[in-house]
Each structure stands twice: as structure tokens, then as C-alpha cells.
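**Student:** Pasting a structure here, questions to come.
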Amino acid sequence: MSYESKKRPGLLGAAMALTMVLGPIQAAQAQDAQKAGTGIDIQKVVPEGKLPGQQVPYYIRSGEGERYLVGGMVAAMIARGEDTGELFEAAILTGGRNASLPLHTHARTHEALYILDGEVELWLGGKHYLMIRGDYASIPQGTPHALKMLGHRTQILSWNTGKELGPLYKALGQPFAGHVQPEKVNPEISKELLKKAEASADVRFESKAPGKSTPQRVRNGVIPDKKVPYVLASGEGQRMVAGDQLFSFLGDQQVSDGKFIAVMTEGPAGPMIPAHYHEKHTENFFCLDGSMTMRVNNETLTMYPGDFAHVPARTIHAYQLNNHYTRFIGFLTPGLFEPFFRTLGDKYDGYVYPQTPYPFRFDRVLAKLNELDLKVLEAPPAAQK
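Mapping of the sequence shown onto this note's numbering: position 196 corresponds to residue 638, and the numbering continues sequentially without gaps.
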């Protein structure tokens, strides 16, 4: 028995049992998935950091993507509607002090913000917050909001539903070859550009300023039970544990009308989870700390902080955490995979992954397999020795 199998007997033993039960069925499903066109080499789809322009598996290295200079920030699109089957879009906003977006609303787009670096003032639904690295904001349709960067280097991950917010950056800015904002740049965005954006994107800018109140540091640790705007402090959320990995819901189906869920995963180095695929939802991985190995169909890649991988439905995939502390955020759309995490995991009061692994309860998954959008194809490599 290998060291890893001794370390995680619950995970590997359950995975082996699961494979023995499901092997013949899932082998046939794997062949069906490959026939459906999932066998795409993602490293050849975007060899130069370009977006594919069609719904296929792909990854983008940190700093790459379709970039625009918007006022005092660089907006790097890492997912557009045409790349995701119009399910979602995502951008990395990088800027210096005073880079901002004025007060505005989205009529049909639900936006989520995750602070990657620096400090941000966020005006959200009449409230004024000071956000730092790791803080999260959920911005439903129709919610007035504005943001201002306070650090000399600030980065924000913006994730939004549908296909109508991405054109905002193209309208407000200009194509940009750089990866950081110029040293001297006017952060103001002209009224003409704001009107241009309103004509091409799901955005309506307010004529008034957001206000001059003192921003309050984000302290909230509770996700609401309905669709309302909210902020969540770094490390907070609905937490559960499986094995030695900690899963934290930053947003569940209740707060997005089922459109998406946002889940933080963190843990130590360990074996790769079982290869699997999903029939009905897309999974997206953004590495925050450490490094992780990902299998996507027949390709294997190593992801580092800032790297992004898009895994559409019917794409075979698996991940492995490589460092003593690795963390990534996942956006899954639609949000129907939420029951899997709640089935597999146990509620957890801690804020770091457990030193003594919990059981990996594949027996619970087996009992509800018909209800979960999950097709497991193999056990982890250590379990197959």
C-alpha cells in the first residue's frame, strides 16, 4: 500500500469500491462522452493565451486574455459569452489607486466580485464597504453599485451570468497589449463612453455620485437565504469538509435563482480525485494559492495562482492539490451540483483544513447517484496500485 493510500484510507477505499460498482457502466459513458466531442486538447486550443471563440475546454494563464484599457484599469476578459455557450463571462480587473467604475446597474446580469489583491471601496445597494483580498460580493440584477480601487496594485475577479456584460469593457476602453495600467493614466471615464457602453452592454449608469460616507470593513460571515445583494468576509461562508479538503460556499443556489454556485476549495498536497464528468453543468477553476494539477480530457496541466480553466459539460476532468496549502475558487453554472457538496461533506466550524482527515463519504454519493449530475470514471491513481 502506498503512502497516500495509508494517509487517506477513507477516500481511496471508497473510490475503489465506487469504481468496482460503476466501472462497466461508466466506461460506456466515457466512450459516449468522447464521441460527443469532449476529447479536445485544451493546450492546443489556446496556445498563445487567446480565447477560443467557441464552447470548448480551455485554460488561460495568469495575465492573459482579451485585454482593454478602461480608465485607470486593465480589464482582461478570461471568458466571454461565445467561449461559454452564453452561460457566463469573467474578467480580471487590474488597476492602481483611484481606478473606478461609476454607479451603475445591470438589468439582466448577476455579477459576483472576488478581491484578488489590494483594497477596494464598494458601494452596493445603498451601503458602502471596504473590501480586501479574499472578500466576496454578490450583486443581483437591478442592484446599484460602484467601485473604486485604493491600492497601488489592485485586482478583482468579476464573474457574471449570461453574455451581456463583457461588451462593457470593449465599449468603455480600447484594446491593450499591456498587462498592467500605464504609470500615468486618467482614471476618469467620459460621459460619451458611458453612453456607448449603455448601447452595447447590459448596463445603466446613474447620473449621481455614489456618496461620500465612510466605508465599513467587510465583516459579514453569513450567506442570506434569498436573492439579495451581500458581501462576505475573507474565509467566511457555509463551510464543510470531506477528507482533508475544506469546501466553503460563497454563494449557493438560493442567492442566484439557481444560476450558479461559488465554492472555495482548500487543502494540502494529495492524490488526484477520481476522473469524472457532468452532463448538465459547467465547472470553472481559478487557482488562488499553491498549485494544482488538472486533467482535462486527455491533457494534463499544472495551474498556478491566477490561472483559469473552463470545463464545459461532458468534459472528463479531475484535479490534484500539489502544495502544502492550495486554494482555488470554483464557479459552477447552473448551480445544480450543490447537492453533491452537501452530500459528500460534513458541516465544519473551522477555518483551515483539518489536520486529521475526515471520512470521504462516497457511500452517501452512491446512495444518491441518480440525483447528482456526476459520472465517475475511475479511482485515483494511488487506489489503482
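All residues carry an ideal CB built from backbone N, CA and C; glycine is no exception.
Helix, strand or coil for F773 per DSSP?
**Tutor:** Here F773 sits in strand by DSSP.
**Student:** The beta strand (DSSP E) with P544 in it runs from where to where?
**Tutor:** Element bounds for P544: S542 to T547.
**Student:** Buried or exposed: which applies to P713, given that a residue is buried once 16 or more other Cβ atoms fall within 10 Å of its Cβ?
**Tutor:** That one is buried.
**Student:** I'd like the list of long-range same chain contacts for K612, defined as Cβ closer than 7 Å, with 5 residues on each side in sequence excluded.
**Tutor:** Excluding residues within five positions, the ones whose Cβ falls inside 7 Å are Y510.
**Student:** Determine the burial state of A641: buried for a count of at least 16 other Cβ atoms within 10 Å of its Cβ, exposed for fewer.
**Tutor:** Label assigned to A641: exposed.
**Student:** For R806, which three-state DSSP category applies?
**Tutor:** Three-state DSSP puts R806 in a helix.
**Student:** What are the boundary residues of the alpha helix (DSSP H) that includes Y611?
**Tutor:** Run containing Y611: P609 to L614, per the alpha helix (DSSP H) assignment.
**Student:** Could you give the DSSP three-state label for T798: helix, strand or coil?
**Tutor:** Coil, per DSSP.
**Student:** Between L555 and A549, what straight-line distance do the alpha-carbon atoms span, to the nearest angstrom?
**Tutor:** If you take the alpha carbons of L555 and A549, they lie about 17 Å apart.
**Student:** Going by DSSP in three states, V697 sits in which element: helix, strand or coil?
**Tutor:** Looking at V697 - three-state DSSP - the assignment turns out to be helix.
**Student:** Give me the Cα-Cα distance between P776 and Y767, rounded to the nearest whole angstrom.
**Tutor:** Cα to Cα, P776 sits roughly 29 Å from Y767.
**Student:** First and last residue of the alpha helix (DSSP H) that includes E634?
**Tutor:** K633 to S642 is the extent of the alpha helix (DSSP H) around E634.
**Student:** Quick one: what's Y761 bridged to in DSSP?
**Tutor:** Paired residue(s): M736.
**Student:** Does the separation of the CB atoms of Q583 and H546 fall below 8 Å?
**Tutor:** Contact: no.
**Student:** Have a look at A704 and A579 and give me their C-alpha separation to the nearest angstrom.
**Tutor:** Those two C-alpha atoms are separated by around 11 Å.
**Student:** Go ahead and pull the three-state DSSP assignment for D525.
**Tutor:** It is helical.
**Student:** Please name the residue, chosen from Y672, A711, V753 and S676, that lies closest to D694 on a Cα-to-Cα basis.
**Tutor:** Among Y672, A711, V753 and S676, the Cα nearest to that of D694 belongs to Y672.
**Student:** When the Cα atoms are used, what is the spatial distance from Y500 to G685?
**Tutor:** The straight-line gap from Cα to Cα measures roughly 29 Å.
**Student:** I'd like to check one pair, F728 with L599: are the Cβ atoms closer than 8 Å?
**Tutor:** A contact, by the Cβ cut-off of 8 Å.
**Student:** Label G620 either buried or exposed according to how many other C-beta atoms from any shown protein chain fall within 10 Å of its C-beta, with 16 as the threshold for buried.
**Tutor:** Per the 10 Å Cβ criterion, exposed.
**Student:** For P609 and G615, what's the separation of their Cα atoms in angstroms?
**Tutor:** Distance between the alpha carbons of P609 and G615: 10 Å.
**Student:** Going along the chain, which residues of its own chain have a beta-carbon closer than 6 Å to the beta-carbon of A532, five neighbours each way excluded?
**Tutor:** Closer than 6 Å at Cβ, skipping near neighbours: I520, A521 and W601.
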